[in-house]
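S.K.: Below is one structure. I have some questions about it.
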């Protein structure tokens, strides 16, 4: 009986080695429920569906002032309801009626980009981010590139900080900005409150987005800078090749 068990164990071990390539895909593609996507096969369909409701956001070439206390009147209005609408109007100079609509449209745009990027994702045989959580320690491991620039000049500074391998906390510290609190917002999101603004980070997906065999994080960042600027949002891919290391940003194209 012992010999039979030993032979069975050897056969099983040999089978694991032979099937290693297939079994290596231990980190499947995952995405946030906030994307309202049931299957990766439904991405095209999801891009055609309303992101929030049937009303969406009205944009116009120009808004005409109609009098004190009256809502502005849109000139050549267009409705952005789905990602397909957003893509159709991409590159066109349109304005929103309010700062609130502007903020929503920024998040809208980032969501559409995230859905498009999920097309390229594949399962990853290796991961150093699978158990990453958005907590107080996250700012020491997220890259400086997670910061949302308030202008081109600041983007250059952020890029330089990223090239040096600085963390998000390092970047904020260079701007005399300190972390005050982190508030969880669901399983995959958190609000980071700084002395100079607020940042909401959400993990929208896990997967290998650049075909290097290592799992990456698909992040959506929304920032309220606190400098009389409106909210800004963007999508970022981040990864690392060793646990406990500061992540680096990946190219989006």
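In my numbering, the protein residues as written are 35 to 287.
C-beta atoms are modelled at their ideal positions from N, C-alpha and C, and glycine is treated no differently.
This structure is a prediction, so every number in the text was calculated from the model and none was measured.
Taking only the alpha-carbon atoms, compute the straight-line gap between residue 231 and residue 258 and give it to the nearest angstrom.
M.R.: Sequence index remark: in the chain shown, residue 231 carries index 197 (1-based). Sequence index remark: in the chain shown, residue 258 carries index 224 (1-based). The straight-line gap from Cα to Cα measures roughly 6 Å.
S.K.: Restricting to Cα atoms, I'd like to know which of 284, 266, 283 and 285 is closest to residue 136.
M.R.: One-based indexing of the chain shown puts residue 136 at position 102. It is 266.
S.K.: Which residues in the same chain as residue 148 place their Cβ atom closer than 8 Å to its Cβ, once the five residues preceding and following it in sequence are excluded?
M.R.: Looking up residue 148 in the chain shown gives position 114. If we look at residue 148 and ignore the five residues flanking it on each side, its Cβ neighbours are 69, 238, 239, 252, 254 and 269.
S.K.: Can you give me the Cβ contacts of residue 117 inside the same chain, cut-off strictly under 7 Å, excluding the 5 residues immediately before and after it?
M.R.: For this step, residue 117 is matched to residue 83 along the chain shown. These residues qualify, in order along the chain: 81, 85, 146 and 149.
S.K.: With DSSP collapsed to three states, give me the class of residue 268.
M.R.: For the purposes of this step, residue 268 is identified with residue 234 of the chain shown, where counting begins at 1. Residue 268: strand per DSSP, three-state reduction.
S.K.: Starting from residue 142, follow the alpha helix (DSSP H) in both directions and report where the run begins and ends.
M.R.: The residue you call residue 142 lines up with position 108 of the chain shown. Its alpha helix (DSSP H) spans residues 133-151.
S.K.: Excluding the five sequence neighbours on either side, which residues of its own chain have a C-beta within less than 6 Å of the C-beta of residue 205, listed in chain order?
M.R.: As a working mapping, residue 205 is identified with position 171 in the chain shown. Once the five neighbours on either side are set aside, the close Cβ partners of residue 205 are 178, 181 and 195.
S.K.: By how many angstroms is the C-alpha of residue 286 removed from the C-alpha of residue 271?
M.R.: By 1-based counting over the chain shown, the position of residue 271 is 237. By 1-based counting over the chain shown, the position of residue 286 is 252. Each residue's alpha carbon lies about 7 Å from the other.
S.K.: Check whether the Cβ atoms of residue 155 and residue 92 lie closer than 8 Å to each other.
M.R.: Here residue 155 is taken as the residue at index 121 of the chain shown, counted from 1. Here residue 92 is taken as the residue at index 58 of the chain shown, counted from 1. Result no, Cβ atoms of residue 155 and residue 92 do not sit closer than 8 Å.
S.K.: I need the straight-line Cα distance from residue 120 to residue 184, nearest angstrom please.
M.R.: Numbered from its first residue, the chain shown carries residue 120 at position 86. Numbered from its first residue, the chain shown carries residue 184 at position 150. Answer to the nearest angstrom: the Cα atoms are 23 Å apart.
S.K.: Helix, strand or coil: how does DSSP classify residue 120 here?
M.R.: Against the chain shown, residue 120 aligns to sequence position 86. Of the three classes helix, strand and coil, the one that applies to residue 120 here is helix, per DSSP.
S.K.: Leaving out five residues on either side along the sequence, give the residues of the same chain with a beta carbon under 8 Å from the beta carbon of residue 141.
M.R.: To locate residue 141, count along the chain shown from 1; it is residue 107. Only 254, 256, 265 and 267 meet the Cβ criterion.
S.K.: Identify which residue in 275, 123, 107 and 152 has its Cα closest to the Cα of residue 139.
M.R.: Indexing the chain shown from 1 puts residue 139 at position 105. Residue 139 has its Cα closest to that of 123, out of 275, 123, 107 and 152.
S.K.: Look at the Cβ atom of residue 241, then the Cβ atom of residue 158, and state whether they are nearer than 8 Å.
M.R.: Counted from its first residue, the chain shown places residue 241 at position 207. Counted from its first residue, the chain shown places residue 158 at position 124. Cβ atoms of residue 241 and residue 158: closer than 8 Å.
S.K.: Ends of the alpha helix (DSSP H) at residue 214?
M.R.: Here residue 214 refers to the residue found at position 180 when the chain shown is read from its first residue. Taken as a continuous stretch (DSSP letters only), residue 214 belongs to no alpha helix (DSSP H), being part of the beta strand (DSSP E) at 213-218.
S.K.: Nearest-angstrom Cα distance between residue 164 and residue 63?
M.R.: The residue given as residue 164 occupies position 130 in the chain shown. The residue given as residue 63 occupies position 29 in the chain shown. Approximately 11 Å, taken between the alpha carbons.
S.K.: On a CA-only basis, which of 109, 284 and 249 is nearest residue 162? Give me that one, please.
M.R.: For the purposes of this step, residue 162 is identified with residue 128 of the chain shown, where counting begins at 1. Residue 162 has its Cα closest to that of 249, out of 109, 284 and 249.
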